[in-house]
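Here is the structure we will look at, set down as C-alpha cells.
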Amino acid sequence: MTNTQDYDVVVYGATSFVGQILARYTVEQFSNGELKFALAGRSISKLAALKVELDAPDLDVLIADASDEDALNAMCSRTKVVVSTVGPYALYGEPLVKVCAETGTHYCDLTGEPQWIKRMLEAYEDLARQSGARIVHCCGFDSMPSDLGVHFMQEHALKQFGQVSTDVKMRVAVLQASRPLLAMPTRARL
Ligand SMILES: NC(=O)c1ccc[n+]([C@@H]2O[C@H](COP(=O)([O-])OP(=O)(O)OC[C@H]3O[C@@H](n4cnc5c(N)ncnc54)[C@H](OP(=O)(O)O)[C@@H]3O)[C@@H](O)[C@H]2O)c1
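Spelled out as C-alpha cells, the structure:
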C-alpha cells in the first residue's frame, strides 16, 4: 500500500444509525488533524444534512452506492481504511469487501452474520493476503465488549495466576443507546 491516499479513514454508511454516532465521534476526536478522514454514503443530500448537524461544513464526503464497484473502487483508492456500517452485510456488503481485498484497502465492519463472514473468507481471503488488505469483521457491540473483555481478563489471569482461564462467562448489566443526529424514518429509535 502506498502512502498517497487523501484519507486515513473513510466512514462508509455515515448516515446510518451507527454511522452517525461514529461520524460524530470522529469529528469530535480527530478534527485536530491527527487523522485525515471523510464521510461516505449513497445519498448526497443526507450526507449534506449530516454535515450541518455535525457543524462540519468543510468535511469531505464521498458518494458510492454499495452495488457500484466503480464508485467503491474510487472511494477505496483515496483511503487507507474503510469502516463500513452499510448493512445488512449479507445484502449489501460483498462488493466493498471484494474491492478492499483487491485494492489492499483495510476494512472493518459491524457484522454479526456468520454465514456471510464464512462466504467472504472463502471468496476473498487469498486475495486479501496477496494485496495486504486487513479485512476485519465483527467490530460491533455484539463482539467488541466480549472480545476485549476476554482479552483483558486473560491478560490479568496470566499475570495473577500464571495461566489463562479455560472458561469465561460474560454478563451485561446496563445498556444505553445514543440518539441519532438525523431523523431515522425507517425504524423507531431511542
Ligand atoms: N454486531 C453489532 O453489534 C451491531 C450493532 C449495530 C449495528 N449492527 C449492524 O450494522 C449495520 C448498520 O446498523 P445501523 O443500525 O446503523 O443501520 P441503519 O441505520 O439501518 O443504516 C443502514 C445504512 O446502510 C445504507 N445503505 C443501504 N443500502 C445501501 C446501498 N445500496 N448503498 C449504500 N448505502 C446503503 C443506508 O444508507 P442511507 O442512510 O442513505 O439510507 C444506511 O446508512 C446493520 O447491518 C446492523 O445490523 C451490528
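Numbering (our numbering), first residue to last: 2 to 191. Note that beta-carbon positions come from the ideal geometry of N, C-alpha and C, so glycine has one too. Small disclaimer: the values here were computed from a predicted structure and weren't measured.
ASP66 beta carbon near ligand 1 (any heavy atom closer than 7 Å): In the sequence shown, residue 66 corresponds to position 65, counting from 1. Distances from the CB of ASP66 to the heavy atoms of ligand 1 include at least one below 7 Å.
CYS77, DSSP secondary structure in three states: In the sequence shown, residue 77 corresponds to position 76, counting from 1. Helix.
Ordered list of alpha helix (DSSP H) runs contained in the segment 82 to 143, each at least 4 residues: Counting whole runs of 4 or more residues, the segment 82 to 143 contains the alpha helix (DSSP H) stretches 90 to 93, 95 to 104, 115 to 132.
Residues bridged to TYR42 (per DSSP): For the purposes of this step, residue 42 is identified with residue 41 of the sequence shown, where counting begins at 1. The sequence as given places Gly at residue 42; Tyr does not occur at that position. Within the DSSP bridge table, the entry for GLY42 names ILE64 as partners.
Cβ neighbours of GLU103 in the same chain (closer than 7 Å, five flanking residues each side left out): Here residue 103 refers to the residue found at position 102 of the sequence shown. Contacts found: LEU128, SER132.
Reference LEU176; option with closest CA among PRO146, PHE153, MET154, VAL151: The residue labelled residue 176 in the question sits at position 175 within the sequence shown. Closest by alpha carbon: PRO146.
Which residues DSSP lists as bridging TYR13, in chain order: Position 12 of the sequence shown holds residue 13. Partner(s): ALA41, SER85.
Host alpha helix (DSSP H) of MET145 (start-end): Here residue 145 refers to the residue found at position 144 of the sequence shown. Segment 145 to 162, the alpha helix (DSSP H) holding MET145.
Buried or exposed (CB count within 10 angstroms, at least 16 for buried), TYR162: For the purposes of this step, residue 162 is taken as residue 161 along the sequence shown, with counting starting at 1. The question names Tyr, but residue 162 in the sequence shown is Phe. The residue is exposed, with fewer than 16 neighbouring Cβ atoms inside 10 Å.
Residue nearest to GLU29 in terms of C-alpha spacing, selected from ASP56, VAL169, LYS47: Your numbering for residue 29 matches position 28 in the sequence shown. Ranking ASP56, VAL169, LYS47 by Cα distance to GLU29 puts ASP56 first.
LEU92 versus CYS139 - alpha carbon distance: Reading the sequence shown from its first residue, position 91 is the one you call residue 92. Reading the sequence shown from its first residue, position 138 is the one you call residue 139. Approximately 16 Å between the Cα atoms of the pair.
Residues near LYS99 by beta carbon distance below 7 Å, same chain, minus five either side: Counted from its first residue, the sequence shown places residue 99 at position 98. Excluding sequence neighbours, LYS99 sits near TYR125.
Counterpart residues of TYR8 in DSSP-defined beta bridges: Position 7 of the sequence shown, counted from the first residue, corresponds to residue 8. THR80.
ALA41 versus ARG79: straight-line alpha-carbon distance, rounded: Taking the sequence shown and counting its residues from 1, one reaches residue 41 at position 40. Taking the sequence shown and counting its residues from 1, one reaches residue 79 at position 78. Their backbone Cα atoms lie some 12 Å apart in a straight line.
Inter-residue spacing [alpha-carbon to alpha-carbon] between LEU73 and TYR8: Along the sequence shown, one-based indexing puts residue 73 at 72. Along the sequence shown, one-based indexing puts residue 8 at 7. Looking at the two C-alpha atoms, the distance is approximately 15 Å.
LEU176 in three-state terms, based on DSSP: Here the question's residue 176 lines up with position 175 in the sequence shown. Collapsing the DSSP output to three states places LEU176 in coil.
Assigned exposure category for SER85 - 16 Cβ within 10 Å defines buried: Counted from its first residue, the sequence shown places residue 85 at position 84. With 16 or more other Cβ atoms within 10 Å, it is buried.
LEU111 Cβ short of 7 Å to ligand 1 heavy atom set: Locating residue 111 in the sequence shown gives position 110, where the first residue counts as 1. Checking the 7 Å criterion, the Cβ of LEU111 is within range of a heavy atom belonging to ligand 1.
Proximity test, LYS47 beta-carbon vs ligand 1 heavy atom, cut-off 7 Å: Start at 1 with the first residue of the sequence shown, and residue 47 comes out as number 46. Checking the Cβ of LYS47 against ligand 1 gives yes.
When LEU182, LEU36, GLY150, LEU111 are compared against ARG172, the one with the closest alpha-carbon: Here residue 172 is taken as the residue at index 171 of the sequence shown, counted from 1. For the residues LEU182, LEU36, GLY150, LEU111, the minimum Cα distance to ARG172 belongs to GLY150.
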